[in-house]
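Heads up: the sequence lines are chains A and B, in that order. As numbered in our numbering, residues 119 to 353 make up the first sequence, in order. As numbered in our numbering, residues 119 to 353 make up the second sequence, in order. Just so you know, even glycine gets a beta-carbon here, dropped at the ideal spot from N, CA and C. Model, not experiment: these values are computed from the prediction. Below: one structure, written as structure tokens.
Number of protein chains: 2
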Amino acid sequence: MESVKALFFDVFGTVVDWRTSIVRELASFGQMKGIDADWTGFADAWRGLYQPAMEEVRSGRRDWMILDELHRESLVRLLGQFGIGAVSDGEIDDLNRAWHRLDPWPDCVDGLTRLKTKYILSTLSNGNTALLVNMAKRAGLPWDVVLGAETARAYKPLPEAYRRNMALLALKPHQCMMVAAHNDDLKAATALGMRAAFVARPTEYGPGQTRDVAPDEDWDVITDGMTGLATALDC
Amino acid sequence: MESVKALFFDVFGTVVDWRTSIVRELASFGQMKGIDADWTGFADAWRGLYQPAMEEVRSGRRDWMILDELHRESLVRLLGQFGIGAVSDGEIDDLNRAWHRLDPWPDCVDGLTRLKTKYILSTLSNGNTALLVNMAKRAGLPWDVVLGAETARAYKPLPEAYRRNMALLALKPHQCMMVAAHNDDLKAATALGMRAAFVARPTEYGPGQTRDVAPDEDWDVITDGMTGLATALDC
């Protein structure tokens, strides 16, 4: 662990509580437009289209597209499915940028601030750069550098998504630790030689969550928040 | 000016005093190795090879290479020219990373910290990402995002170096201000529609500096440091 120089953070679910934030944004949109709908169901459906949309790109069936564009396509589709009409392009753009306005879990700003004293803190998210920068600015997330799918032009868990971002920092895998609430992300990272920290977020998908409620493997660090990670890493 | 969302900073010369720092690093290397040489002349010669090395890449005569690699080639060449032998590959690597250990001008940390309250602060440097991140970490430069030639795969003043980095932030040119001590950098940026701030650094190249001692044009902001820029932008 002493060779670790940089921590790479998954963001959606690990650092930010996307579900609560997206439900809030959708409800606020509904109130403004005078539309009543199952906004929690809408949020879950929107997130449900996340992996299938990225898989089209990962598989090569579609050319490279950033997440803002994939999110927008999914949003337009869901507005139709939920029978919501009379929404302007500008309103759709603004609602789509709800993903730029996600709130962090309460432990994040404190924990990351402690971790920053000792490590390079980087995102390694499937979110695009503008999304991650706008989110960090609003939420006070103290990243040293903002990397992810867009700087790699590859979506996790493809190996290139990790490798190209480690190369941008001129670091070898054993000098990098992936921090995520998702076992699959850590599996892909450790397969390349990265270290792994599991941060349990058992309500990311709401009260009935079944996936990723616990670590699948004996990861280097297992904790339940960023302050716990800071303590585990002597920060 | 009210439309400006992000400030893009040139780094070498504008934010950091590369010359004083490189002379210090070379002298320290000389002391360690028991070598006496004209280290100021060596530093100026090293920087003198900077534009010619990048021009080989800009022109397409060479494939894309990051600045750390170009710096290292120039260093090896100059060690030969200065008759300095018996230097190991590891020592050359460490000396080459002197460019990761440059000190900021004294106004930078204060000024950037003020500017960060209102704007997205991004590098837009010909330095590679690892160089800029390591420099910021050591010097306490509070960037929101680290962009430059490596994220654009193009060296300034090619238009792609500016355009691709603005695209990463999903911003239009009038939402971006280039901050530089070099008139040519501002000319290239404003040709694309960016705003421009000239920060005078009349001793960047030493006491006899003749280039860029004053602004060539009536740039949007003309100042002599980052605290002056913060005041000009009401931060």
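Alpha-carbon spacing of Gly326/B relative to Ala299/B, whole angstroms:
What you label residue 326/B is simply residue 208 of the second sequence in a count that begins at 1. What you label residue 299/B is simply residue 181 of the second sequence in a count that begins at 1. If I take the Cα positions, the gap works out to 16 Å.
With distance defined between alpha-carbon atoms, name the residue in Ile153/A, Trp136/A, Asp154/A and Met183/A nearest to Ala161/A.
What you label residue 161/A is simply residue 43 of the first sequence in a count that begins at 1. If we check each option's Cα against that of Ala161/A, Trp136/A comes out closest.
DSSP state of Arg329/B mapped onto helix, strand, coil:
By one-based count along the second sequence, residue 329/B stands at place 211. Correct three-state label for Arg329/B: coil.
For Ser243/A, does the three-state DSSP call read helix, strand or coil?
Locating residue 243/A in the first sequence gives position 125, counting from the first residue. In the structure shown, Ser243/A sits in a strand (DSSP, three-state: E or B).
Could you please give the first and the last residue of the uninterrupted beta strand (DSSP E) stretch that includes Arg313/B?
Taking the first residue of the second sequence as position 1, residue 313/B is located at position 195. From DSSP, the beta strand (DSSP E) with Arg313/B extends over Arg313 to Val317.
Do Tyr237/A and Ala124/A count as a contact pair if the criterion is CB distance below 8 Å?
For the purposes of this step, residue 124/A is taken as residue 6 along the first sequence, with counting starting at 1. For the purposes of this step, residue 237/A is taken as residue 119 along the first sequence, with counting starting at 1. In contact: Ala124/A and Tyr237/A (Cβ atoms closer than 8 Å).
Taking any Cβ of chain A, which residues in the stretch 246 to 272 of chain B have a Cβ under 7 Å from it, in chain order?
Thr247, Ala248, Val251, Ala254, Lys255, Asp262, Val263, Val264, Glu268 and Thr269
Contacts around Asn244/B, its chain only, beta-carbon distance under 7 Å, and the 5 residues preceding and following it disregarded
Against the second sequence, residue 244/B aligns to sequence position 126. Around Asn244/B: Met172, Leu185, Gly266, Ala267, Tyr273 and Lys274.
Considering only their Cβ atoms, is the gap separating Ala248/A from Leu230/B smaller than 8 Å?
If you number the second sequence from 1, residue 230/B lands on position 112. If you number the first sequence from 1, residue 248/A lands on position 130. Their beta carbons are not under 8 Å apart, which means Leu230/B does not touch Ala248/A by this criterion.
Below 8 Å on the Cβ atoms is my guess for Leu213/A versus Phe147/A; work out the distance and round it to an integer in Å.
Here residue 213/A is taken as the residue at index 95 of the first sequence, counted from 1. Here residue 147/A is taken as the residue at index 29 of the first sequence, counted from 1. Right, the Cβ-Cβ distance comes to about 5 Å (below 8 Å), so this counts as a contact.
Could you round the C-beta distance between Leu276/A and Phe127/A to whole angstroms and report it? I think they count as a contact, below 8 Å.
Counted from its first residue, the first sequence places residue 276/A at position 158. Counted from its first residue, the first sequence places residue 127/A at position 9. Going by Cβ atoms, the distance from Leu276/A to Phe127/A rounds to 18 Å, so no, they are not a contact pair.
Does the stretch 287 to 296 of chain A touch the stretch 305 to 313 of chain A, meaning 3 or more C-beta pairs lie closer than 8 Å?
yes
Thinking C-beta only, is Leu167/B closer than 8 Å to Ser139/B?
Taking the first residue of the second sequence as 1, we reach residue 139/B at position 21. Taking the first residue of the second sequence as 1, we reach residue 167/B at position 49. Ser139/B places its beta carbon 8 Å or farther from that of Leu167/B.
Limits of the unbroken beta strand (DSSP E) element including Phe130/A
Sequence index remark: in the first sequence, residue 130/A carries index 12 (1-based). Where Phe130/A is concerned, there is no enclosing beta strand (DSSP E), given that its DSSP letter is neither H nor E.
Please look up how many angstroms separate the CB atoms of Asp262/A and Ala254/B, rounded, as I've assumed it's under 8 Å.
Counting from 1 along the first sequence, the entry for residue 262/A is found at position 144. Counting from 1 along the second sequence, the entry for residue 254/B is found at position 136. Confirmed, about 7 Å.
Residues near Leu188/A by beta carbon distance below 7 Å, same chain, minus five either side:
Position 70 of the first sequence, counted from the first residue, corresponds to residue 188/A. Answer for Leu188/A: Ala171 and Met172, listed in chain order.
Ala279/A: contacting residues in chain B (beta-carbon distance under 7 Å):
Taking the first residue of the first sequence as position 1, residue 279/A is located at position 161. The premise fails here: Ala279/A is roughly 15 Å from chain B at the closest Cβ pair, so nothing lies under 7 Å.
Asn314/B: contacting residues in chain A (beta-carbon distance under 8 Å)
Within the second sequence, numbered from 1, the residue matching residue 314/B stands at position 196. Just to set this straight, residue 314/B is Ala in the shown sequence, not Asn. Per Cβ cutoff of 8 Å: no residues; Ala314/B is ~22 Å from chain A at best.
What separation, rounded to the nearest whole angstrom, lies between the Cα atoms of Arg195/A and Ser177/B?
Stepping through the first sequence from its first residue, residue 195/A is reached at position 77. Stepping through the second sequence from its first residue, residue 177/B is reached at position 59. Computed Cα separation, rounded: 45 Å.
Would you verify that the beta carbon of Leu287/B is, or is not, closer than 8 Å to some beta carbon of chain A?
One-based indexing of the second sequence puts residue 287/B at position 169. Yes, its Cβ sits closer than 8 Å to a Cβ of chain A.
According to DSSP, is Leu125/B part of a helix, a strand, or is it coil?
Translated into the one-based positions of the second sequence, residue 125/B becomes position 7. Leu125/B falls in the strand class under three-state DSSP.
Counting only beta-carbon atoms, is Ile238/A nearer than 8 Å to chain B?
Indexing the first sequence from 1 puts residue 238/A at position 120. It does; some Cβ of chain B falls within 8 Å.
To the nearest angstrom, how far is the alpha carbon of Ala314/B from that of Gly152/B?
Here residue 314/B refers to the residue found at position 196 of the second sequence. Here residue 152/B refers to the residue found at position 34 of the second sequence. Their Cα atoms are separated by approximately 46 Å.
Can you give me the C-alpha to C-alpha distance between Leu242/B and Ala155/A, rounded to a whole angstrom?
Position 124 of the second sequence holds residue 242/B. Position 37 of the first sequence holds residue 155/A. Their backbone Cα atoms lie some 44 Å apart in a straight line.
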